[in-house]
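Working notes, beginning with the structure itself.
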Amino acid sequence: MERAYRLRTIPPYPFREIAALKAEKIQRGEKLIDFGIGDPDQATPDFVIEAMTEAIREPRTHQYDETGHGYPEYRQAIARHMASRFGVEVDPDTQVQSTIGCKEALVHIEWAYVDPGDIVLVPDPAYSVYKVQATFCGGAAFPMPLREENGFLPDLRAIPKSVAQRAKLLWLNYPNNPTGVLADLTFYEEAVQFARDHDLLLCQDASYVEVYYGEAKPASVLQVPGAADVAIEFHSLSKTFNMTGWRVGFAVGGPQHIEALSRTKSNVDSGTFGAVQLAAAHALDQYAGWAPGLRRMYQQRRDALVAGLRGIGWPVRVPEGAFYLWQRVPQGHTSATFAEELLDKCGVLVVPGGVYGDFGEGYVRMSLTIMAPNPVAAIAEAVERMAELRVTF
Ligand code: PLP
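The sequence shown maps to residues 0 to 392 in numbering that gives the first Met the number 0.
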């Protein structure tokens, strides 16, 4: 039977193909070092598991969450977290939505706002979901190139007026997947002004906001005065607390945008399991004691990889945030041929930059989430193997 147009127009989810390739190599007994999918290799902290164990005994968590926007305990913990971490006040009753991880919310915000013929402004390279949803909604994604010489920030002034006029959403994602850069408040101010000028919704994907390496903490777009009128921000517990499988996150923003998301969601899903929401509330309350250790762990890996690659002569841009290193490919290679060579000759799995968009071509992404008994030692071994290639840039 012929599938719907929307499915015929999109490629398979890239990470499913990469996962299949990896499984095949492992089955053949190859000793793979995996810098592929960005999925934390460490366990969810015990304090979250303990909170979950307790919460699951509460009979109310076995039923539908009839609030539509999340348990009050979870929304209040989110409001406390936004205030203590970002200095942002949100009303837990009208400005907060519990989500099934971040991915689900990124999808549903597009369904809430994008009509056929509308334009969605999407960074390139980027997480594929923003663009695919635009197509699903009958709209079109307009790429905003993220260029190295521009610090991998989009040049909003380069967006043609006619395009901006038809645009409904503007996507940002900082700390950025795949480039590993941060955006500062000045850039967010510019983006908020752009959203105001063109009457569109600024959607900031803050999935990696707690993974950063310097002293300066990444900001929330809601720190820009009045941003909630034109912006919504998506957070996730996936990366901050090693909880990718738990499927829990949240959206914060203006009440009108939260209501639009909530109305879409309640017609599609029935929310995150209540016990998971209660465990997530507890996790957020423990954030300040937990997150510095998480950051130290990734920083050790980042430093090992940067030093290792520089030691073999690779030109490395040091990641400022997220757990990705965005590596330019050597002379004579495309993203795909270099990724293939690393896999075949070194047993090192990386993601070819082209899967993140046309402007990802010429790069590969290396994730610091490495499933190995000693990830720093695995990084050293990978560097040793890659040194053998003797590539020039
Ligand atoms: N946004 C970005 C940029 C991501 O890289 C990912 C996952 O890798 C997600 C969203 C999805 O995260 P979640 O597990 O919260 O759905």
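Heads up, the beta-carbon is just placed ideally off N, CA and C, and yes, glycines get one too.
1) Go through the region 75-121 residue by residue and report every complete run of the beta strand (DSSP E) that reaches 3 residues or more, in order.
2) Can you determine whether any heavy atom of ligand 1 sits closer than 7 Å to the C-beta of Leu152, and answer yes or no?
3) When burial is assigned at 16 or more other CB atoms within 10 Å of the CB, is Gln203 buried or exposed?
4) In angstroms with no decimal places, state the Cα-to-Cα distance between Ala280 and Ser161.
5) Report the residue from Val47, Thr93, Met81, Asn373 whose alpha carbon sits nearest the alpha carbon of Gly67.
6) Hey, Tyr286 and Lys238: beta-carbon distance below 8 Å or not?
7) In three-state terms, what does DSSP make of Gly252?
8) Does at least one heavy atom of ligand 1 sit under 7 Å from the Cβ of Asn373?
9) Less than 7 Å between the CB of Cys101 and some heavy atom of ligand 1, yes or no?
10) Name the residue from Gln255, Phe193, Leu199, Asn176 whose alpha carbon lies nearest to the alpha carbon of Glu319.
11) With DSSP run on the structure shown, which of helix, strand or coil describes His61?
12) Once the 5 residues before and after Tyr112 are set aside, which same chain residues still bring their CB inside 8 Å of it?
13) Between which residues of its own chain and Leu308 is the CB-CB distance below 6 Å, once the five residues before and five after are set aside?
14) Under the assumption that Ser219 contacts Val87 (Cβ atoms under 8 Å), give the Cβ distance between them as a whole number of angstroms.
15) Would Pro91 and Ile77 qualify as a contact pair, given that the criterion is a beta-carbon distance under 8 Å?
16) With DSSP as the reference, label Arg2 as helix, strand or coil.
17) Quick one: what does DSSP say Gln326 is sitting in, helix, strand or coil?
18) Under 8 Å, do Phe249 and Val390 count as touching if we go by C-beta distance?
19) Spell out the partners DSSP gives Phe141 in its beta bridges.
20) Could you tell me the alpha carbon to alpha carbon distance between Ser265 and Lys30, rounded to whole angstroms?
In short:
1) 95-98
2) no
3) buried
4) 44 Å
5) Thr93
6) no
7) strand
8) no
9) yes
10) Asn176
11) helix
12) Lys167, Leu168, Leu200, Ala259
13) Val315
14) 5 Å
15) yes
16) coil
17) strand
18) no
19) Leu120
20) 45 Å
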